[in-house]
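One structure below.
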Amino acid sequence: MHSPLQFMITFSYFLIFFTLLSSNLTQQTTLISPVSKDKHKNLFTLSVYLKTPLRPTKLLLDLSFLFPWTVCADAASYNSSSDHYIECDETFCDYLGFGKPSLLCEDCYYSNLTTSHSQCPSPSTMICASWPANPITNVVDAGYVLVDTLALPTLNQSTHHGQLISLSNYTFSCAPSYFVKGLPTGVTGLAALGRSKLSVQSQFGSALTTSHSLAICFPGSTESTGVAFFGTHGPYFVFSKSNKIDLSKNLTYTPLIHNPIGITDDFPISPPHNEYYIGLTSIRVNGQHVPINASLLTINKEYGIGGTKITTRIPYTLLEPSIYKAFTELFIKEASSSRFNLTVTNPMKPFKVCYSAKGLMVTNKGPKVPIIDFVLDRENVVWRIMGANSMVRVKNKKVDLWCLGFMDGGVKEKTSIVMGGKQLEENLVQFDVESNRLGFFSLLTSHHSLSCADFKVTDFAKHIK
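Mapping of the sequence shown onto mature numbering (1 follows the signal peptide of the UniProt record, and there is no 0): residues -23 to -1, 1 to 442, in sequence order.
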């Protein structure tokens, strides 16, 4: 272990770097990143520039994991002239938060992840260790902390793509090459966008002395591109046919709820305190309340279970079994009423509630089905979910169906309601940790037929296969 003086020297180096970088930029610097939806996995990806020289890189967009990681376990998969390790100081490595108390440092020379792209200074050099995980496959393995250059475009209000701003001390975990298994094609890492100090928005916010706020417009089609805004609470301009509209002025806000539980045996990969919880108090279908045990909607402060969170790791919202049963029963009942006159048909896996697409009216709000309201803050705020966000088209040579995109979470899921990717599509969501609130603008297509593509952002990593 190094001395306290060595720790202070290392820590001061990081502070000096952030100060020098931010002195050349204004406090209004807004960075953007293209967001895409993968057609096979139904997961979202974030495009960045990484390495030296800078190269377009596609990362999994994740709202929960503690820190970013990139596959770099061999020179063929990661080749940069600016990457380097962080030599071990256990106090500083612990402060960074990549490892765990039992694995803060490892021998660079004997690490099974040692690569030719960053040669060890000497055979006995100890480096900061990490513990990356693939949240889709739940694979966890030992890694190490790496520092390299990451860049994002600034926001230009006329073209949306301005100059590139580089973060030369972007700090992330190196992960084994097999970590990409189960991820969208072309993805080589994970962009951590949760509430931790190591998230992409926190690293840029600290370096540029700008807001750590993050806003994402999630695309609803694999053919269109959404956008993530870093370092600003707005404006967020969409370009309609006749003019441009600032959606930041139309956000509805609800408090973010803090879950105090960190990494435990029950939460080995993503601690709840790093995730985005909201205070859902009830669910309505076609104006009718779903009967729910209210205790399921609150977070148990001792164990971290219960409550409602938002994630991009699953395509469809998960509901605790008793909530799912009551919810689907009410949905079927309301859909069969004279207003909709819909009759359930044989479902297609993984869905349980489906309707024939024949004769089902579809508008810019999606198929005409009962509206679902997620009620927040004791009736004061409503996140409205219309057909475009509640129903999934299942079409092949044999069937043409619209199916309810909500799933039974089962008894192992520790959060009562996990809001998934389908319910986020064509929604603009602002994660404002500094003000401890979440802002949202639901279903852009229902407002003047807007969409996330109207931010006019081009995915510079779209060609990556």
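Glycine included, each C-beta is placed from N, C-alpha and C at the ideal position.
- Query: Who are the Cβ neighbours of K391 in its own chain at under 6 angstroms, not counting the five residues just before and after it?
  - Reply: I282
- Item | At least 3 beta-carbon pairs within less than 8 angstroms: the stretch 415 to 428 vs the stretch 358 to 370 | yes
- Message: What would DSSP say about G166, mapped onto helix, strand or coil?
- Response: strand
- Message: In the DSSP assignment, the alpha helix (DSSP H) including Y147 goes from what residue to what residue?
- Response: No alpha helix (DSSP H) holds Y147; the beta strand (DSSP E) holding it covers 141 to 152.
- Between I300 and the rest of its own chain, which residues show a CB-CB distance below 6 angstroms, the 5 nearest in sequence each way excluded? I269
- For residue 449, the three-state DSSP class (helix, strand or coil): Here the chain comprises residues numbered -23 to 442, so residue 449 is not present and cannot be evaluated.
- Item | Per DSSP, cross-strand counterpart(s) of A110 | V117
- Query: Hey, quick one: how far does the beta strand (DSSP E) through D39 stretch, first residue to last?
  - Reply: 32 to 39
- Contact check, T34 vs V25, beta carbons under 8 angstroms: yes
- Query: Can you check whether the CB of L307 is closer than 8 angstroms to the CB of D385?
  - Reply: no
- Item | Sequence-distant residues of its chain with Cβ nearer than 6 angstroms to G211 (five each side left out) | S225
- For N251, which residues from the same chain have a beta carbon less than 7 angstroms from its beta carbon, with the 5 sequence-adjacent residues on both sides left out? S41, L43, G171, R172, S173
- Which same chain residues, not among the five before or five after D223, have their C-beta less than 8 angstroms away from its C-beta? G211, P212, Y213, F214
- Task: Inspect the CB distances between the stretch 319 to 332 and the stretch 227 to 241 and report whether three or more fall short of 8 angstroms.
- Result: no
- Item | First and last residue of the uninterrupted beta strand (DSSP E) at G364 | Not the beta strand (DSSP E): G364 falls in the alpha helix (DSSP H), residues 364 to 367.
- Message: Does residue 481 pass the burial test, meaning 16 or more other C-beta atoms within 10 Å, or should it be called exposed?
- Response: Outside the shown range of the chain, which is -23 to 442, sits residue 481, and nothing can be said about it.
- Query: In or out: S93 buried (at least 16 other Cβ within 10 Å) or exposed?
  - Reply: Residue placement at S93 cannot be trusted, given a pLDDT of 44 that sits under 50; the coordinates are not used to answer.
- Query: From T6 to S57, what does the alpha carbon distance come to, in whole angstroms?
  - Reply: 27 angstroms
- Query: Using 8 angstroms as the threshold, is the stretch 389 to 409 in touch with the stretch 155 to 165, meaning 3 or more CB pairs across them?
  - Reply: no
- Message: Output needed for M396: all residues of its chain with C-beta closer than 6 angstroms, excluding positions within five of it in sequence on either side, in chain order.
- Response: I287, T294
- Task: Please name the residue or residues paired with K16 in a DSSP beta bridge.
- Result: Bridge partners of K16: none, in fact.
- Message: Give me, in chain order, the residues of the same chain whose beta-carbon lies closer than 6 angstroms to that of V117; leave out the 5 immediate sequence neighbours on both sides.
- Response: A110
- Decide if the stretch 427 to 434 is in contact with the stretch 191 to 207; the criterion is three or more beta carbon pairs, one per stretch, under 8 angstroms apart. yes
- Query: Does the beta-carbon distance from I260 to D377 come in below 8 angstroms?
  - Reply: no
- According to the Cβ coordinates, are L27 and L129 closer than 8 angstroms? no
- When you compare each of K77, V410, Y62, V177 to D84 by their alpha carbons, which one comes out closest? Y62
- Rounded C-beta distance between P45 and V177? I'm assuming under 8 angstroms. 6 angstroms
- Item | Boundaries (first-last residue) of the beta strand (DSSP E) holding T285 | 285 to 287
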